[in-house]
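*Asks:*
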Amino acid sequence: MKAKKVSLLLLLILIPLTVGLKIRLDDLKVWERYKQFFFYQGRALFTSYDAFYFAKFGKDYLEGTYKGGKKDPLRFVPDNATYPEIIPMESWLGAKIAKSQGTYIENVSVWLTPALAVLVVIPLVFYFYELRLPFTGFGASLLTVVSLLYLVRTSIARFDTDSLNLFFPFTIALFLLHYFKTEGKERIISLLLAGVASQLYYWWYQHPGINLAIFTFFVIAFFFTKRFKTKELFLAFLFFNPVLVFEGITNLVGLTKTYIINYFKPEVQGFPNISMSISEVRHVNVPQIGKFTCGNELLFFVGIAGFFFLLLRKFYETLILIPIFLIGLMAFFGGNRFAMYLAPFVGAGLGYVFDLLIGTLKKEKLKLGGYLVGFLLLTGTIIAFNSLSFKVIARPKITPQLEGDFLKLKSLTPKGSWVWTWWDYGYAIQYLSRRATYHDGGSQKSPKTYFVATSYSTPNPQVAYNVILGISNLGAEGIRELLKKGKRPEEIREEVFKGKYSKKIKSPVYWAFTEDEIGKFFWINYFGTWNFKLERGERNGIIELNFCRESKGELLCKNAVFDKLLGKVVLNGRSLPVKRYVIKGSEIKELDYGNPLGITIEKVITKRGTLYLLMAEQPFRSMFNQMYILRNYDKNLFKLVYDDFPTMVLYKVKGTGE
4 MKAKKVSLLL LLILIPLTVG LKIRLDDLKV WERYKQFFFY QGRALFTSYD
54 AFYFAKFGKD YLEGTYKGGK KDPLRFVPDN ATYPEIIPME SWLGAKIAKS
104 QGTYIENVSV WLTPALAVLV VIPLVFYFYE LRLPFTGFGA SLLTVVSLLY
154 LVRTSIARFD TDSLNLFFPF TIALFLLHYF KTEGKERIIS LLLAGVASQL
204 YYWWYQHPGI NLAIFTFFVI AFFFTKRFKT KELFLAFLFF NPVLVFEGIT
254 NLVGLTKTYI INYFKPEVQG FPNISMSISE VRHVNVPQIG KFTCGNELLF
304 FVGIAGFFFL LLRKFYETLI LIPIFLIGLM AFFGGNRFAM YLAPFVGAGL
354 GYVFDLLIGT LKKEKLKLGG YLVGFLLLTG TIIAFNSLSF KVIARPKITP
404 QLEGDFLKLK SLTPKGSWVW TWWDYGYAIQ YLSRRATYHD GGSQKSPKTY
454 FVATSYSTPN PQVAYNVILG ISNLGAEGIR ELLKKGKRPE EIREEVFKGK
504 YSKKIKSPVY WAFTEDEIGK FFWINYFGTW NFKLERGERN GIIELNFCRE
554 SKGELLCKNA VFDKLLGKVV LNGRSLPVKR YVIKGSEIKE LDYGNPLGIT
604 IEKVITKRGT LYLLMAEQPF RSMFNQMYIL RNYDKNLFKL VYDDFPTMVL
654 YKVKGTGE
């Protein structure tokens with residue numbers, strides 16, 4: 004290879020790699036400066052909920068408790084989820100490195116995730132370089148590593164599969180492209196390497212449906228070529244692993260149901276569809292997709308138009324990229340998480356515009372300086388429109404205080420305990436506390452989540468108690484059996500509420516309330532008050548009043564003004580009557596204003612400051628407010644075990660583990 008080509012390739016690869024690493028690792032300056040917010044006793048705080056999932060498997064592996072294909076005792080009790088047959092590559096890799104360095108998996112993820120995330124640059128650059136489109140590959144790789152959504156999903160301490168979820172598909176595509184452009188043994192070697200990359204991709208992501216989609220488009224491209232050889236098609240089938248190809252059919256159907264068919268339904272199995280509350284699977288509009296992928300809606304359309312033009316002009320060479328592109332298009336129909344798959348194609352389209360312009364010149368006479376000018380213009384365009392990405396700081400999904408309380412939960416509860424709480428921190432409790440949870444980020448779409456929500460929203464402690472015991476006995480499997488027998492969800496709910504399934508259980512059960520649930524209570528309450536006929540719940544949350552100070556009979560907050568004498572509050576410019584003013588210190592004091600239709604304002608005095616909350620009557624009566632915020636509970640049913648409000652409040656459910 005000539006020196007000019009080597010220099011060009013190095014330029015194409017090193018610039019995006021350097022920019023991608025810098026934009027991610029720059030966050031460490033802030034993390035080191037404000038360690039008290041980003042670390043807990045020397046361990047970094049994860050920046051995604053799913054990071055705890057992969058870390059848990061890594062910890063299980065190190066402790067020798069990981070049993071592939073067997074029941075996982077910490078997940079989805081009482082049904083119990085099953086361990087993946089093969090430990091996820093990321094879990095295995097993180098555990099191995101953490102053990103070798105004598106540190107926590109969290110600390111490994113600080114540098115490992117960014118390092119893996121920028122590797123996508125390599126297959127993108129080589130793929131389009133193979134097509135003699137250097138600017139196309141450069142634009143695709145640079146925009147990908149600075150794209151806002153991809154940046155957020157591959158930040159420091161993220162420890163999630165997104166860090167290689169673009170690398171592997173494009174690597175497989177690169178080897179398949181090379182297969183079509185070579186002869187003899189090199190052709191078979193390329194096919195073999197594509198198969199190896201496919202197996203590694205399965206080990207990494209364990210969604211064979213995507214492997215199947217890539218293989219299917221390879222077969223389509225195979226039949227379009229004039230060099231059809233049945234033997235090589237059979238070899239490709241073997242290299243891609245026949246077992247995974249057939250498993251991919253079931254997986255692809257499941258993914259389609261989850262992210263496309265069931266996404267728009269208000270109910271699944273007759274129970275409310277929890278997906279509507281999950282931010283990463285919410286539908287987004289075109290301007291938002293433009294912002295997520297390239298920072299600008301107009302630039303997005305230019306890039307997509309450029310890619311379609313590339314697709315038309317080099318259809319056979321780009322056909323094997325279509326399944327990856329289709330995943331990106333799911334952002335228009337399913338969740339915003341898929342938009343990160345569009346970034347490489349938007350960048351490729353932008354780069355292709357430059358390749359077309361360069362193509363009008365005599366390339367053989369174009370010096371390296373000419374390419375440098377083009378790269379500078381393309382780099383400047385991409386970075387200018389994605390300036391927000393350079394300002395974003397990765398933030399933990401857990402506070403240091405809550406991390407500490409979850410670690411303490413292990414000593415507060417006996418081994419074998421089950422923790423009843425909302426699903427977001429299910430993985431965190433399993434990893435940090437080594438205690439079992441009823442649902443988590445991978446099992447929150449079962450009817451059990453609906454029943455957990457009802458325990459939070461009900462005003463009746465006996466109902467909450469019956470729900471906990473009932474679901475502890477029934478589980479998701481028991482609910483499915485009742486549905487098969489013809490029982491309607493409303494009937495099952497009433498039977499659970501009345502205690503029909505409230506049998507004693509051997510495992511001790513603890514109800515954990517955490518600080519994040521104040522902000523999430525709107526959705527928890529929405530599902531917990533679900534009306535099956537109307538297919539909706541009550542839209543009542545708890546509003547935290549910010550930056551408050553008390554002055555001359557008034558409570559002055561950034562988002563509200565409360566007149567204590569008149570019993571009125573002005574919230575966002577709207578005057579509302581106040582029914583009661585509750586002060587929670589060592590005791591509960593209540594001032595009744597005699598407004599039956601008014602709202603409630605609560606002043607909660609804690610060791611870390613005073614919290615002011617505003618809510619309607621239904622949230623006020625809910626177990627979430629009564630047990631968590633006011634610590635007002637039925638001592639015959641629950642026992643207060645740990646009070647670190649607002650970080651965590653923990654109750655023992657009586658009659659369990661006895």
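First residue of the sequence shown: 4, per my numbering; consecutive thereafter.
Ideal Cβ placement from N, Cα and C applies to all residues, glycine included.
None of these values were measured; they are calculated from a predicted model.
1. Thinking just about the alpha-carbon of each residue, which of A467, G597, K523 is nearest to the one in M630?
2. Check this for me: beta carbons of F623 and T609, under 8 Å apart or not?
3. Could you give the uninterrupted runs of the alpha helix (DSSP H) lying entirely in the stretch 572-643, keeping only those of 4 residues or more?
4. Quick test of the definition: if touching needs 3 or more C-beta pairs under 8 Å, does the stretch 243-251 touch the stretch 496-510?
5. Alpha carbon to alpha carbon, how far is V33 from V573?
6. To the nearest angstrom, how far is it from the Cα of P81 to the Cα of N476?
7. In the stretch 89-149, which residue ranges form an unbroken alpha helix (DSSP H) of at least 4 residues, counting only runs that do not cross its ends?
8. Any idea which residues DSSP pairs F516 with across the strands?
9. Straight-line CA distance for E620 to Y107?
10. Answer yes or no: do S460 and G544 have a C-beta to C-beta separation smaller than 8 Å?
11. Out of D647, L258, P580, point me to the one whose CA is closest to G612's CA.
12. What separation, rounded to the nearest whole angstrom, lies between the Cα atoms of L559 and L24?
13. Which same chain residues, not among the five before or five after Y645, have their C-beta less than 6 Å away from its C-beta?
14. I'd like the list of long-range same chain contacts for Y434, defined as Cβ closer than 7 Å, with 5 residues on each side in sequence excluded.
15. Count the other C-beta atoms from every protein chain shown that fall within 10 angstroms of the C-beta of R496, then say buried if there are 16 or more, exposed otherwise.
16. Could you check what DSSP says for L345 in three-state terms: helix, strand or coil?
17. At what residue ranges does the stretch 202-277 contain a whole run of the beta strand (DSSP E), taking only runs of 3 or more?
18. Taking the CB atoms as reference points, tell me whether P580 and L600 lie closer together than 8 Å.
19. With distance defined between alpha-carbon atoms, name the residue in G570, K571, S554, F550 nearest to K561.
20. So which of L179, G588, L568 has the shortest CA-CA distance to I130?
21. Under a three-way DSSP split, which group does L568 fall into?
22. Suppose the cutoff is 6 Å on Cβ atoms and the five residues either side in sequence are ignored; what does the same chain contact list for T457 look like?
23. At what residue ranges does the stretch 374-443 contain a whole run of the beta strand (DSSP E), taking only runs of 3 or more?
24. What residues in its chain sit with their C-beta under 6 Å from that of A216, if we drop five residues either side in the sequence?
25. Taking buried to mean at least 16 other C-beta atoms within 10 Å of its own C-beta, is Q44 buried or exposed?
26. Buried or exposed: which applies to L167, given that a residue is buried once 16 or more other Cβ atoms fall within 10 Å of its Cβ?
27. Along the chain, where does the alpha helix (DSSP H) containing R496 start, and where does it finish?
28. Along the chain, where does the alpha helix (DSSP H) containing L329 start, and where does it finish?
29. Alpha carbon to alpha carbon, how far is L345 from G71? Give it in angstroms, no decimals.
30. Along the chain, where does the alpha helix (DSSP H) containing S554 start, and where does it finish?
31. Quick check on the burial criterion: 16 or more other C-beta atoms within 10 angstroms. Buried or exposed for N534?
32. Quick one: give me the first and last residue of the alpha helix (DSSP H) that L558 is part of.
33. With distances taken between CB atoms, is the gap from L48 to A160 smaller than 8 Å?
34. With DSSP collapsed to three states, give me the class of F42.
35. Along the alpha helix (DSSP H) that carries L65, what are the first and last residues, could you check?
36. Just how far apart, CA to CA, sit S392 and F242?
*Replies:* If we stick to the structure as given:
1. The candidate whose alpha carbon is nearest that of M630 is A467.
2. no
3. Listed in chain order, the complete alpha helix (DSSP H) runs (minimum 4 residues) inside the stretch 572-643 are 620-624.
4. no
5. 37 Å
6. Straight-line measurement puts the Cα of N476 at about 7 Å from the Cα of P81.
7. Taking only runs of at least 4 residues, the alpha helix (DSSP H) segments lying wholly in the stretch 89-149 are 92-104, 108-120, 124-133, 137-149.
8. V652
9. For E620 and Y107, the distance between alpha carbons rounds to 45 Å.
10. For S460 and G544, no; Cβs fall outside 8 Å.
11. D647
12. 45 Å
13. L415, L653
14. F55, A58, K59, K62
15. buried
16. coil
17. You should have found no qualifying run.
18. yes
19. Residue F550 is the option with its Cα nearest to K561.
20. Checking the sequence, you will find Tyr at residue 130 rather than Ile. Answer by Cα proximity: L179.
21. coil
22. V470, G531
23. The stretch 374-443 contains these whole beta strand (DSSP E) runs: 421-423.
24. These residues qualify, in order along the chain: P326.
25. exposed
26. buried
27. 492-500
28. 325-332
29. 34 Å
30. Taken as a continuous stretch (DSSP letters only), S554 belongs to no alpha helix (DSSP H), being part of the beta strand (DSSP E) at 552-554.
31. exposed
32. Careful: L558 lies outside any alpha helix (DSSP H), inside the beta strand (DSSP E) at 557-559.
33. yes
34. strand
35. 53-66 is the extent of the alpha helix (DSSP H) around L65.
36. 39 Å
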